[in-house]
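**Student:** My questions will all concern the structure given below.
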Amino acid sequence: MVGCVIVKDGRVIGEGFHARYGGPHAEPTALAACTESPAGATAYVTLEPCDRYGRTPPCTEALLAARVARVVCASADPTQSGLARLRAAGVDVELLDPGHELARAARRQNAAFRTWTALGRPHVRLKLAATLDGRTATRTGDSRWISGAESRRLVHRWRAESGAVLVGIGTVLADDPALTARDVEPAVRRQPVRAVLDRHARLPLDSRLTRSAEDAPVVAFVSRDAPAARRTALERRGVETAEAASPADALRELGRRQVTSVLLEGGATVAGALVGAGLVDRLALFVAPVLLGDPAAPGIVGPTGALVTSMQDARRTGELESVAVGGDILVDAWLREPA
Ligand SMILES: NC(=O)c1ccc[n+]([C@@H]2O[C@H](COP(=O)([O-])OP(=O)(O)OC[C@H]3O[C@@H](n4cnc5c(N)ncnc54)[C@H](OP(=O)(O)O)[C@@H]3O)[C@@H](O)[C@H]2O)c1
173 MVGCVIVKDG RVIGEGFHAR YGGPHAEPTA LAACTESPAG ATAYVTLEPC DRYGRTPPCT
233 EALLAARVAR VVCASADPTQ SGLARLRAAG VDVELLDPGH ELARAARRQN AAFRTWTALG
293 RPHVRLKLAA TLDGRTATRT GDSRWISGAE SRRLVHRWRA ESGAVLVGIG TVLADDPALT
353 ARDVEPAVRR QPVRAVLDRH ARLPLDSRLT RSAEDAPVVA FVSRDAPAAR RTALERRGVE
413 TAEAASPADA LRELGRRQVT SVLLEGGATV AGALVGAGLV DRLALFVAPV LLGDPAAPGI
473 VGPTGALVTS MQDARRTGEL ESVAVGGDIL VDAWLREPA
């Protein structure tokens with residue numbers, strides 16, 4: 173996701189953005205939209221311009237051909253060397269300090285791509301709905317519904333924007349979710365991969381996931397010693413069973429399949445496992461106006477594997493942001509900033 177604004181003599185003369193994968197990049201789009209010659213102008217870009225022939229010609233060529241004098245860039249692209257190329261050609265280049273608020277916003281905007289290229293695994297956003305007293309289900313496993321309709325609609329949009337949706341087998345057994353992106357505008361062109369952390373291949377053959385596996389991909393990540401007969405039965409119904417020794421392994425495998433973003437939808441047990449392994453990058457918590465008042469009801473994040481006895485040792489996230497979604501409050505916390 174990239175945007176570009178061309179400014180000359182203090183006036184915006186052209187704007188553009190990268191609208192779709194494989195389509196024209198932000199810089200040539202902005203240059204083409206200029207209402208006067210961009211010669212001598214400044215180009216403000218959110219991401220370092222590309223300097224290689226990919227699906228489109230390099231943006232550095234377009235900026236040089238347009239005789240842009242200055243390029244101000246909010247974030248470097250670790251896969252490109254466009255800024256060096258522009259500098260070598262005599263363009264005045266400024267890269268924002270990584271600590272600058274706009275630099276951070278630009279990196280967050282491309283968190284999926286940046287995480288995937290830097291770590292070889294998808295960016296993981298943990299989404300959960302919690303009661304005011306921090307519970308994600310009743311002690312008997314009922315969680316439908318904690319959050320309101322608007323929140324759930326938003327989650328469908330996030331699913332549509334994610335390469336994969338991931339849950340623990342406990343959630344499948346309790347809720348039998350479909351995990352597809354439904355009722356979203358514009359209509360979903362490709363459903364996310366629906367993945368389950370299911371070491372013992374317990375995914376029921378009559379679950380909604382299994383029954384819809386021919387329509388949209390379902391992957392069960394199982395351990396090496398999962399019962400072979402169960403695996404075969406699932407495979408026969410179109411569910412792929414892939415071996416993964418750990419959640420990190422499962423994420424690496426999704427990364428190998430070009431999945432750059434994962435929406436982790438719980439439950440608390442796998443949330444704790446992934447948080448503990450340092451695999452959750454961002455937390456989206458819908459806090460709903462509901463109280464359970466039952467200490468036996470599961471919380472938000474199950475055991476992480478680290479016993480914390482002092483607040484000093486507690487994990488702190490980045491600054492919280494919050495927004496009202498219907499009657500709920502969505503709390504957004506970054507656990508790891510994209511590099
Ligand atoms: N409020 C919400 O947003 C929300 C969201 C989701 C679910 N829920 C509720 O939460 C409950 C389900 O949560 P849950 O905590 O019981 O189940 P869960 O986290 O969905 O799944 C837990 C299971 O995942 C498997 N697993 C695979 N790899 C694992 C690993 N590395 N570490 C730990 N477990 C691993 C384990 O089964 P194996 O050992 O067989 O692999 C484990 O029992 C339901 O009541 C559901 O309604 C609420």
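Sequential numbering of the sequence shown, starting at 173, is according to the numbering used here.
Each residue gets a CB set at the ideal place from its N, CA and C atoms; glycine is no exception.
1. Please tell me whether, using a cut-off of 7 Å, the distance from the CB of residue 404 to the nearest non-hydrogen atom of ligand 1 is below it.
2. Got a sec: does ligand 1 put a non-hydrogen atom nearer than 7 Å to the Cβ of residue 501?
3. I need the straight-line Cα distance from residue 363 to residue 430, nearest angstrom please.
4. Indicate, with yes or no, if ligand 1 has a heavy atom lying under 7 Å from the CB of residue 341.
5. With DSSP as the reference, label residue 418 as helix, strand or coil.
6. Applying the 10 Å Cβ sphere with the 16-neighbour rule, what's the burial state of residue 208?
7. Quick one: Cα of residue 282 to Cα of residue 371, how far?
8. Cβ-heavy atom distance between residue 439 and ligand 1 below 7 Å?
9. Assess contact between the stretch 252 to 267 and the stretch 290 to 302, defined as three or more Cβ pairs (one per stretch) separated by less than 8 Å. Is contact present?
10. Less than 8 Å between the CB atoms is what I'm expecting for residue 311 and residue 328, so what's the real figure, rounded?
11. Under 8 Å, do residue 203 and residue 278 count as touching if we go by C-beta distance?
12. In whole angstroms, what separates the C-alpha of residue 389 from that of residue 365?
13. Does the beta carbon of residue 233 sit closer than 8 Å to a beta carbon anywhere in chain C?
14. So what's residue 318 in DSSP terms, helix, strand or just coil?
15. Determine the direct distance from the alpha carbon of residue 338 to that of residue 412, and round the result to whole angstroms.
16. Please identify the residue among 214, 432 and 298 whose C-alpha is closest to the C-alpha of residue 474.
17. Confirm the yes/no value for this check: CB of residue 272, any heavy atom of ligand 1, distance under 7 Å.
18. Do residue 307 and residue 457 come within 8 Å of each other at the CB atom, strictly closer than that value?
19. In angstroms with no decimal places, state the Cα-to-Cα distance between residue 224 and residue 251.
20. Rounded to whole angstroms, what is the Cα-Cα separation between residue 176 and residue 450?
21. Please list the terminal residues of the continuous beta strand (DSSP E) segment that includes residue 266.
22. Considering only their Cβ atoms, is the gap separating residue 498 from residue 321 smaller than 8 Å?
23. Would you tell me roughly how many angstroms separate the C-alpha atoms of residue 199 and residue 275, rounded to the nearest one?
24. From which residue to which residue does the beta strand (DSSP E) around residue 293 run?
25. In whole angstroms, what separates the C-alpha of residue 289 from that of residue 466?
26. Let me check you understand the geometry: is the CB of residue 197 closer than 7 Å to at least one non-hydrogen atom of ligand 1?
27. Which partner residues does residue 512 have in the DSSP bridge list?
28. Quick one: Cα of residue 454 to Cα of residue 273, how far?
29. Residue 493 by DSSP, collapsed to three states: which one?
30. Output the residue ranges of the beta strand (DSSP E) runs that lie fully inside the stretch 379 to 447 and measure 3 residues or longer, sorted by chain position.
**Tutor:** Well, looking at it:
1. no
2. no
3. 14 Å
4. yes
5. coil
6. exposed
7. 32 Å
8. yes
9. no
10. Actually they do not touch by this definition, with Cβ atoms about 28 Å apart.
11. no
12. 5 Å
13. Annotation note: the requested chain C is absent from the structure, which comprises a single protein chain.
14. coil
15. 14 Å
16. 298
17. no
18. no
19. 10 Å
20. 34 Å
21. 264 to 267
22. yes
23. 18 Å
24. Careful: residue 293 lies outside any beta strand (DSSP E) and carries neither H nor E.
25. 43 Å
26. no
27. Summary: the structure shown does not reach residue 512, with the chain confined to residues 173 through 511, and so no result is reported for it.
28. 18 Å
29. strand
30. 390 to 394, 412 to 415 and 433 to 436
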